[in-house]
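Adding 51 to a residue's 1-based position in the sequence shown gives its number in this note's numbering.
In what follows, a structure is listed as structure tokens, so that the remarks can point back to it.
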Amino acid sequence: MKNLINKIILKQARQEQGSTMLIYMFVMAATAAVAFAAMQSISLNLETSEAHKKGKNAFYSAEVGLDLAVNDIINEFEDLIPYTESADQAGADGSGYINVANYRNYAVKYKIENPLEPFLYQTVVGNTIIYHYAHTYDIESESTSLKDSSKESVTETVRILETPLVQYFVFYGQSGNSADLELFPGPDMNSWGRIHSNADIYIGSSSGNDINLRNYDDDDSMSPHSMTAVGNIYTYAKNSGTSYAGTVNVKTSGTGLTFLSSEYETLSANITSANEASEESRFNNYVLINEEPYTTPSKDLFKRDSFYEDRAKAPGKETIDGMTIIGTGGLGANQIEVHVSRPAYTDVTDLILAGESSAGNPIVGLPMPVIREVNDAFEDCREDERDVDTTDIDLYALGLWYEAYLDDQGLALAGDGMLIYTSRSPDASFANQADDLQAIRLISIDGTSSPQLSDETTLATDNPIYIHGDFNTINTRGVALVGDAMNVLSNAFNTKTCNITQSQLYNNYRGSETTVYAALFAGHNPTAENGSNYSGGVHSYPRLHEWWTGAALNFRGSFVNLWDSEQADGLWCLGGNCYSGPTRNWGWDVRFQDPSFWPPFIPSIFSVERVGFLE
């Protein structure tokens, strides 16, 4: 019996061992299945991750094509040449693509097409509206891996905003010292319009008077106004550190010419990142700091054989008249060459010097001469007391002559303005640093011409410009003057010599009231970081050469500083040989709010907006 029981127990134990083994095998099989699935999942995830990585790399490479395309467009615009489409560009293939053979192991190609006609477009800057020409383009970019099969394509529509700088009263481009804007007039100064610096602003009244920045001009016409800086705003002098706190008032509410205490705020000693938010709020966003910098045009545009001369020869638009006036560069008198662009690029030197139309008939009532060259016209005491040789241009007489010339051929003014390029430089390498200073003077040569022009006009030169007497004050047109440096001579100016005392300056070279309406695009000699070589500031941006105290210089337009003066590089000086300051009635010309008042080929800044994007 005992043996039987033992056998039964042994049998049951063996059965239980078998069941345990079976369960164990099931568990092992399940674990293996899970492990296998996990391995498959990991492998799949790795493949997915790798595919995602490849896809992202392809996407980013395709995006690079978009960036390259935008860069191509902007580069053309910064040379003031509207972009057409990639098929017109050097290096484009038969399908209009620009190819990049290898960008980080991807072949990238992009195409720009469907340029729309530019249209006027508005944006808000601070608390003001500013106009742009909007140019719209469709861009397609594709990337293909050079190592595997991954590829990606993206498309976007971009809008290039071209912002003519005549919409600013004062604009300082470049960067660093060259972009620092300094304004320290002695007398009270009422002004209006936008003020911008690509660096810091130093501002104050140096005689304890006030600078009032308001939103209406002297004729009670409403004007946008703002003060913006890429850097900070200070009310002390950069060159001396002298404080002029409490002298700059910015209108923040109200209308008209009134300047009630409840309608303006006074600039603090410093506006920096430490008090940026509270100060911008206090000024209702009419004063802004730490703004984005602008890329501004270079002076290469107005050198010989460059953009402005090329465009004056062939404007590229049937609605713009072009003219070139090239003097001798000091090689002798009356060696001028004059060409016009319509109806074809033609030498008209003999006709214009004789005052005759294209038919060879004298033009009745034409002030003569229209153009002349003068050796040793006067001395510029700021420029190392050098004699100044000038090509004198009577723009009123020039317009009368040109209209008669066109009329003889059954033509009229093209309609969208005139571009004049003039120079006394033999070539683009001319430095104007030896012997007499070569310059362009805008003047009523016979003393009877009207200070008016035939059409909106841009006059560009690589030389310094001297505006002599009232300019563009009758039937005023939109005018841009572009040059190495800008000077103003009063109606009373005749000639000048140097090595004189302040009393001799007072007795012999007294300025008289003079009015100028123009947008001035010129350079300056910037104040150094340590305060040396004082630039003279915005208040002497138009360089002066007479005793102006008690006389008014009335100005409406723009002061746009985009480069350092290269030819007229003399340092600022005051008194004695130099000048005394006028009563400055200066402000922005509110007519520049009207695009029809804009002259052709204005120096501009550019920005990009993304209108649409598709992956």
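From the three backbone atoms N, C-alpha and C, an ideal C-beta is built for every residue, glycine too.
Keep in mind that this is a model prediction, so the values were computed, not measured.
Counting other Cβ atoms within 10 Å of its Cβ, Glu343 stays below 16 and is therefore classed as exposed. Taken through DSSP and simplified to helix, strand or coil, Ile371 comes out as coil. For Gly450, the enclosing alpha helix (DSSP H) begins and ends at 446-458. DSSP, read as helix, strand or coil, puts Thr400 in helix. Within the DSSP secondary-structure output, Ile377 pairs in a beta bridge with Glu388, Ser474.
Around the beta carbon of Pro413, fewer than 16 other beta carbons sit within 10 angstroms, so the residue counts as exposed. Checking the DSSP bridge columns, you'll see Pro502 has no partner listed. Contact check for Gly529 against Trp637 fails: the beta carbons are separated by 8 Å or more.
For Asn150, the enclosing beta strand (DSSP E) covers residues 149-154. By the criterion of a C-beta distance shorter than 6 Å, Ala428 is surrounded in its chain by Val439, Thr441, once the five residues flanking it on both sides are discounted. By the Cβ test, the stretch 362-371 is not in contact with the stretch 518-534, since fewer than three Cβ pairs between them sit closer than 8 Å. Phe235 is positioned such that its CB atom lies closer than 8 Å to that of Ser257. Counting only the Cα atoms, Ser658 lies some 24 Å from Ser357. If you draw a 10 Å sphere on the C-beta of Gln173, you find fewer than 16 other C-beta atoms in it, and that means exposed. If you look at Ser204, you'll find it in the beta strand (DSSP E) that goes 202-215. If only uninterrupted alpha helix (DSSP H) runs of at least 4 residues are considered, those enclosed by the stretch 341-367 are 358-364. For Tyr219, same chain residues with a beta-carbon under 8 Å away, outside a window of 5 residues either side, are Gly244, Arg245, Ile246, His247, Ser609, Val611, Trp639 in chain order. For the 8 Å CB-CB criterion, Ala113 and Glu203 form a contact. The three-state reading of DSSP puts Arg437 in strand, counting E and B together. In this structure Thr509 touches Phe652 by the C-beta definition: roughly 5 Å separates them, less than 8 Å. In the displayed model, Lys160 falls within a strand according to three-state DSSP. Distances from the alpha-carbon of Ile551 to those of Asn538, Glu597, His590, Glu564 put Glu597 closest. In terms of Cβ geometry, Thr370 and Ala465 form a close pair [threshold 8 Å]. With contact defined as three or more Cβ pairs closer than 8 Å, the stretch 415-425 and the stretch 444-451 are in contact. Of the residues assessed, Asp513 falls on the buried side of the cut-off, its CB having 16 or more other CB atoms within 10 angstroms. Proximity to Lys289 across Leu232, Tyr568, Ala511, His519 peaks at Leu232, based on C-alpha coordinates.
For Pro169, same chain residues with a beta-carbon under 8 Å away, outside a window of 5 residues either side, are Pro133, Tyr184, Ala185, His186, Glu213 in chain order. In the structure shown, Glu580 falls within a coil segment according to DSSP collapsed to helix, strand and coil. Segment contact: the stretch 542-560 against the stretch 571-580, fewer than three CB-CB distances shorter than 8 Å; contact not assigned. Looking at the backbone, the Cα of Asp535 and that of Asn156 are separated by about 47 Å. Where Ser248 is concerned, the enclosing beta strand (DSSP E) starts and stops at 245-248. The straight-line gap separating the alpha-carbon atoms of Val209 and Ile125 is approximately 11 Å. For Gly582, the closest C-alpha among the options Gln140, Asn122, Asp239, Ser291 is that of Ser291.
Annotated as distal: Glu360 and Ile387, with beta-carbon spacing of 8 Å or more. Contiguous alpha helix (DSSP H) elements confined to the stretch 262-336 occur at 327-333, taking only those with 4 or more residues.
Counting C-beta pairs closer than 8 Å gives fewer than three between the stretch 393-413 and the stretch 583-593, which falls short of the contact rule.
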